[in-house]
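To keep things clear, I will list the structure first and then write my remarks on it.
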Amino acid sequence: MNKDMAKNLRYGAILLVICAVCSLALSVVNKITLPVIQGHNAATKTQALAPLAGGMSIGDETLVSGDEMVASYYVLSQGNDVGGYILTLKGSGYGGEFTLLASYLTSGEVISAKMLSDSETPGLGKKSEEDWYMDKFKGTGTADKPVPTSKSMLSKADSDAISGASVTFGGVSKCIAYGSTYVIQKGGAK
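Quick look at the structure:
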């Protein structure tokens with residue numbers, strides 16, 4: 087074996103030991119921090135869900151597969167009765183995909199909604215993250231008061247507030263209207 091080859095093998099062995107030590111260290115750190123991260127994520131989700139529950143108790147998350155917009159739901163209960171649902175909805179706005187939470191009574195009526203994540207345009211579509219933006223949907227979703235899915239269904243003030251972000255509004259309203267229908271089909275309103 088020549089001198090250069092021995093030198094390269096020695097460097098390779100040193101790099102292998104360094105990689106093994108780093109991998110071991112990362113796995114130990116992951117094992118220690120994973121429960122803390124999971125606890126933090128659960129607390130954050132609970133904190134996000136509580137204002138949407140309308141005073142009802144929140145059940146466990148149920149994942150939904152094969153649905154174009156509903157990713158999961160939580161049953162809202164009043165005592166032993168189902169009072170409504172919180173849906174995790176996936177949609178698309180001007181900036182791409184977004185995720186929002188929307189709560190409904192079993193009649194399909196919107197209790198509340200909150201944007202969780204989005205890539206909308208700052209100053210325009212980002213307004214959807216603010217509470218006042220979602221207020222225009224509260225109390226809608228019934229036969230006599232449908233979810234507003236176009237600017238013409240909004241008051242002049244609400245229509246002006248979403249000017250310049252109509253693609254975002256269309257995506258959000260489509261999700262919220264879909265969620266209302268989903269809840270009714272789930273056995274809500276008879």
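If you count by the numbering used here, then the sequence shown holds residues 87 to 276, one letter each, in order. Backbone N, C-alpha and C define an ideal beta-carbon position, used for all residues, glycine too. The model shown is predicted, which means the values in this text are computed figures rather than measured ones.
Other residues of its chain near residue i: CB distance less than 8 Å, five sequence neighbours each side excluded
i: V150; result: V156, A157, S158 and Y159
i: P137; result: S198 and K200
i: L175; result: M155, V156, A157, T185, L186, L187, A188, C261, I262, Y264 and G265
i: T267; result: G194
i: G152; result: none
Sheet register partners of residue i (DSSP bridge)
i: A106; result: Paired residues: none, contrary to the question.
i: F184; result: G177
i: M201; result: L186
i: D167; result: Q164
i: V156; result: L175
i: L191; result: G170
i: V196; result: Y190
Residues near residue i in its chain [Cβ-Cβ closer than 6 Å; skip 5 each side]
i: G140; result: I197
i: S178; result: G257
i: V103; result: none
Nearest-angstrom beta carbon gap, residue j and residue i [assumed within contact, 8 Å]
i: K200; j: M220; result: 6 Å
i: V269; j: G194; result: 5 Å
i: A134; j: L191; result: Going by Cβ atoms, the distance from A134 to L191 rounds to 19 Å, so no, they are not a contact pair.
i: K33; j: P234; result: Given that the chain is displayed from residue 87 to residue 276, the structure contains no residue 33 and the question cannot be resolved.
i: S143; j: S163; result: 5 Å
7 Å Cβ shell around residue i - same chain, five flanking residues per side excluded
i: K89; result: none
i: V161; result: G145, V168 and Y171
i: T119; result: none
i: G125; result: none
i: A275; result: Reliability fails at A275, whose pLDDT of 46 lies under 50, so the model's placement of it is uncertain and no value is given.
i: T148; result: S158 and Y159
i: G225; result: E195, V196 and K231
Residue i - containing beta strand (DSSP E), residue span
i: E147; result: S143 to L149
**Asked** Of all the beta strand (DSSP E) runs that stay within the bounds of the stretch 108 to 134, which reach a length of 3 or more residues?
**Response** With a minimum length of 3 residues, there is no unbroken run of beta strand (DSSP E) contained wholly in the stretch 108 to 134.
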